[in-house]
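S.K.: Protein sequences appear in the order of chains B and W. In terms of our numbering, the first sequence opens at residue 797 and continues consecutively. In terms of our numbering, the second sequence opens at residue 5 and continues consecutively. First the structure, then my questions, so here it is.
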Amino acid sequence: MSMQLYDYVLSGNCYKVRLMLALLGQRCEMTAVDFHPGKAHLQPGFLEINPAGTLPVLIDGELSLCDSSAILVYLAHRYDSTGNWRPNADATSSALLQFWLSFGSRLSDTIGRARLHDMLGIPCDIAAAREAGCLALRELDAHLGEQGFKGERFLLGDTPTIADIACFPHAALAPDAGIEHDDYPALRRWLIDVRRVPGFIEMPGIHRLHDQLTT
Amino acid sequence: MDARNDWYPVAIASFLRPGEDQHLTLMNTRLHLTRATSGEIAARDTAGRPRPVTVAHGHVWSSTGEPAHPLFEIPEGLELGRKLVDCGAVQVSASPLRVVENFLDIAHFPFVHTDILGAEPHTEVAPYEVEIRDTVDEVWATGVKYYQPQAAKSARESLVSEYTYRVPAPCAAILYKTCPPRPDMMDVIGLFVRPVDEELSVAYPWMALYDDSTPVEEMIQFQQTIFIQDRSILENQIPRKLPLDPRMESPTMADKTSIAYRRWLKRKAYLYGAETHGV
């Protein structure tokens, strides 16, 4: 039986999963959920699948997972034999990985909220969401700057991990929420590096690198 | 024309339900929408004055002025067998006229809608016809042909789509394009735009398609994908308002529809959301 993803194309959290599946070359059956305008994620049919009414939901055999970080951990464990996507050799690397997965959720809670407000008119305290989003981007940019000094291009080393995949979508989508990337130079370089990873796929609002076509 | 005396989309009709009032802004004016249990829809401004209301093409339309004409018709939308799809409401920090103009542009397809509505190296826009039809006071572009990797959710392979564009009102555009499962028919896709103010818009994409196999959720997300790809481009266009002075932005042959649209707006003196410097 193939995996099944309950998906909404404009969701940054769903994109984390679509991107990871693509990078791992895993096939998955997609079920589109009409988040907007239909609010299908709050209808009884979907609440039976996920009582929290959130997207994405990944079904793999008996397993049903409804948190994008948990899904990334699962996919990296289950479908990446190299182990590169999920470094956990020691206490420090396990903890840092968990830190950046949580940081990805912080980006969704701030930039993601501001984006839904600006794009689909979903109410929130927009000034607070944007300010918290900028603060998070500044931290991310500072860390990526330090990584750069060490000669490492990604959050946890010189190769991408699920930490990068957890943080990439909402960081990249910040302009959708009225937050430009101009103030974050290390972040901008990282956004390009992630898009260069073989197997990368885009989502609406994140354009692919067109210069790749000529190389 | 005074832009206030036109009809604008204010809600998706099927989502305005009794007891679920909607509040929104149209041209800097707050409106309050209600639907009675009898089904009747009413719009009022903050002073409680009733505003005109009409329901058509899946949407509720209203006005902050006094519309001199009935809302434009889309006869194809009434044809039997078409699936009518409400694609949602998307806010864009751009002039409503920029949003309409972008919808009329073909040349950006390979770069913004890569591998969907276009792909490199198929970037050439072949010559097509554009006219301002005085009898109906509309802009039409016909005979537009373009190579498309995935013209619609229903498309199984790449094809050369034929497009006809129609601009029935300054803040609305309709396109008729080859229907992949029924090449003898044209799909109808509308883009209706509500100006929140001169530099902020809410776009309501709407479709009337022949497609019996694609789940409606997938049709909606296909259209939202296209529109959100456009949104990031639209929000970066400077100036935010649409320049009507032809010296301000340099058009090419591929921009014939846009040139006619801008000329038509200028002739009508429809200036809401327009950059009028030099006009």
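Backbone N, C-alpha and C fix where the C-beta goes; we use that ideal spot for every residue, glycine too.
Determine whether the Cβ of residue 966/B lies closer than 8 Å to any Cβ atom of chain W.
M.R.: For this step, residue 966/B is matched to residue 170 along the first sequence. False, the Cβ-Cβ gap to chain W never drops below 8 Å.
S.K.: Could you list which residues in chain W have their beta carbon closer than 9 Å to that of residue 972/B, in chain order?
M.R.: As a working mapping, residue 972/B is identified with position 176 in the first sequence. What residue 972/B touches in chain W: 232, 235, 236, 239.
S.K.: Can you name the residues of chain B whose CB is closer than 7 Å to the CB of residue 90/W?
M.R.: For the purposes of this step, residue 90/W is taken as residue 86 along the second sequence, with counting starting at 1. Residues of chain B passing the Cβ test: 833.
S.K.: Quick one: any contact between the region 112-119 of chain W and the region 267-283 of chain W, if contact means 3 or more CB pairs under 8 Å?
M.R.: Counting Cβ pairs under 8 Å, fewer than three are found: no touch.
S.K.: Let me see if you follow: with CB-CB separation under 8 Å, is residue 808/B close to chain W or not?
M.R.: Indexing the first sequence from 1 puts residue 808/B at position 12. No, its Cβ sits nowhere closer than 8 Å to a Cβ of chain W.
S.K.: Would you say residue 916/B lies against chain W (beta-carbon separation less than 8 Å)?
M.R.: As a working mapping, residue 916/B is identified with position 120 in the first sequence. With 8 Å as the cut-off, residue 916/B counts as an interface residue toward chain W.
S.K.: 8 Å is my cut-off, CB to CB: does residue 830/B come that close to chain W?
M.R.: Translated into positions along the first sequence, residue 830/B becomes position 34. It does: the Cβ of residue 830/B has a partner Cβ on chain W nearer than 8 Å.
S.K.: Relative to chain B, which residues along the region 108-119 of chain W have a C-beta separation below 8 Å, given in chain order?
M.R.: For the region 108-119 of chain W, which is checked against every Cβ of chain B, the residues closer than 8 Å are 115, 116, 118.
S.K.: Which class does residue 808/B belong to by DSSP, given the choice of helix, strand or coil?
M.R.: Translated into positions along the first sequence, residue 808/B becomes position 12. Residue 808/B falls in the helix class under three-state DSSP.
S.K.: Count the CB pairs spanning the region 924-935 of chain B and the region 895-909 of chain B that are closer than 8 Å, and state whether there are at least three.
M.R.: They touch, by the three-pair rule.
S.K.: Are the C-beta atoms of residue 57/W and some chain B residue less than 8 Å apart?
M.R.: As a working note, residue 57/W is residue 53 in the second sequence. Cβ-Cβ to chain B under 8 Å: no for residue 57/W.
S.K.: Of all the options 956/B, 908/B, 978/B, which has the alpha carbon lying nearest to the alpha carbon of residue 966/B?
M.R.: To locate residue 966/B, count along the first sequence from 1; it is residue 170. When each option's Cα is compared against that of residue 966/B, the closest is 908/B.
S.K.: Measure the alpha-carbon distance for residue 839/B versus residue 850/B and round it to whole angstroms.
M.R.: Here residue 839/B refers to the residue found at position 43 when the first sequence is read from its first residue. Here residue 850/B refers to the residue found at position 54 when the first sequence is read from its first residue. Each residue's Cα considered, the two are about 11 Å apart.
S.K.: Taking Cβ to Cβ, would you say residue 104/W is nearer than 8 Å to residue 231/W?
M.R.: In the second sequence, counting from the first residue as 1, residue 104/W sits at position 100. In the second sequence, counting from the first residue as 1, residue 231/W sits at position 227. No, Cβ-Cβ distance for residue 104/W and residue 231/W is not below 8 Å.
S.K.: Expressed to the nearest angstrom, what Euclidean distance is found between the alpha-carbon atoms of residue 946/B and residue 815/B?
M.R.: Taking the first residue of the first sequence as 1, we reach residue 946/B at position 150. Taking the first residue of the first sequence as 1, we reach residue 815/B at position 19. Using only the alpha carbons, I get a separation of about 27 Å.
S.K.: Listed in chain order, which residues of the region 202-219 of chain W have Cβ atoms closer than 8 Å to some Cβ of chain B?
M.R.: Residues passing the 8 Å Cβ filter: 206, 219.
S.K.: Report the rounded CA-to-CA distance for residue 118/W versus residue 124/W, giving the unit in angstroms.
M.R.: By one-based count along the second sequence, residue 118/W stands at place 114. By one-based count along the second sequence, residue 124/W stands at place 120. Rounded to whole angstroms, residue 118/W to residue 124/W spans 8 Å at the Cα level.
S.K.: Can you tell me whether residue 207/W is buried or exposed, with buried defined as 16 or more other CB within 10 angstroms of its CB?
M.R.: Within the second sequence, the letter at position 203 stands for residue 207/W. It counts as buried.
S.K.: Would you please state the rounded distance, in angstroms, between the beta carbons of residue 236/W and residue 1001/B? I believe it to be under 8 Å.
M.R.: As a working note, residue 236/W is residue 232 in the second sequence. As a working note, residue 1001/B is residue 205 in the first sequence. Indeed they touch by this definition, with Cβ atoms about 6 Å apart.
S.K.: Can you list, in chain order, the residues of its chain with a C-beta nearer than 7 Å to that of residue 85/W? Leave out the 5 residues immediately preceding and following it.
M.R.: Taking the second sequence and counting its residues from 1, the one referred to as residue 85/W is at position 81. Excluding sequence neighbours, residue 85/W sits near 214.
S.K.: Kindly list the residues whose CB is nearer than 8 Å to the CB of residue 149/W, restricted to its own chain and excluding five residues on each side of it in sequence; keep chain order.
M.R.: Along the second sequence, one-based indexing puts residue 149/W at 145. Once the five neighbours on either side are set aside, the close Cβ partners of residue 149/W are 130, 132, 164, 165, 166, 167.
S.K.: Please state whether the Cβ-Cβ distance between residue 121/W and residue 262/W is less than 8 Å.
M.R.: Translated into the one-based positions of the second sequence, residue 121/W becomes position 117. Translated into the one-based positions of the second sequence, residue 262/W becomes position 258. No, the pair does not count as a contact, with Cβ atoms beyond the cut-off.
S.K.: The alpha helix (DSSP H) spanning residue 944/B covers which residue range?
M.R.: Translated into positions along the first sequence, residue 944/B becomes position 148. Per DSSP, residue 944/B belongs to the alpha helix (DSSP H) from 922-945.
S.K.: Throw me the rounded Cβ distance for the residue 134/W and residue 264/W pair, which I believe falls under 8 Å.
M.R.: On the second sequence, residue 134/W is found 130 positions in, with the first residue counted as 1. On the second sequence, residue 264/W is found 260 positions in, with the first residue counted as 1. Contact holds; Cβ gap of about 5 Å.
S.K.: When the distance is taken between beta carbons, is residue 994/B closer than 8 Å to residue 952/B?
M.R.: As a working note, residue 952/B is residue 156 in the first sequence. As a working note, residue 994/B is residue 198 in the first sequence. No, Cβ-Cβ distance for residue 952/B and residue 994/B is not below 8 Å.
S.K.: With a threshold of 8 Å between beta carbons, is residue 29/W in contact with chain B?
M.R.: Your numbering for residue 29/W matches position 25 in the second sequence. Closer than 8 Å: no.
S.K.: Given that residue 1004/B touches chain W, what residues does it touch there, using C-beta distances under 7 Å?
M.R.: Within the first sequence, residue 1004/B is the residue found at index 208, counting from 1. Near residue 1004/B (Cβ distances below 7 Å), the residues of chain W are 118.
S.K.: Please list the terminal residues of the continuous beta strand (DSSP E) segment that includes residue 133/W.
M.R.: One-based indexing of the second sequence puts residue 133/W at position 129. From DSSP, the beta strand (DSSP E) with residue 133/W extends over 133-137.
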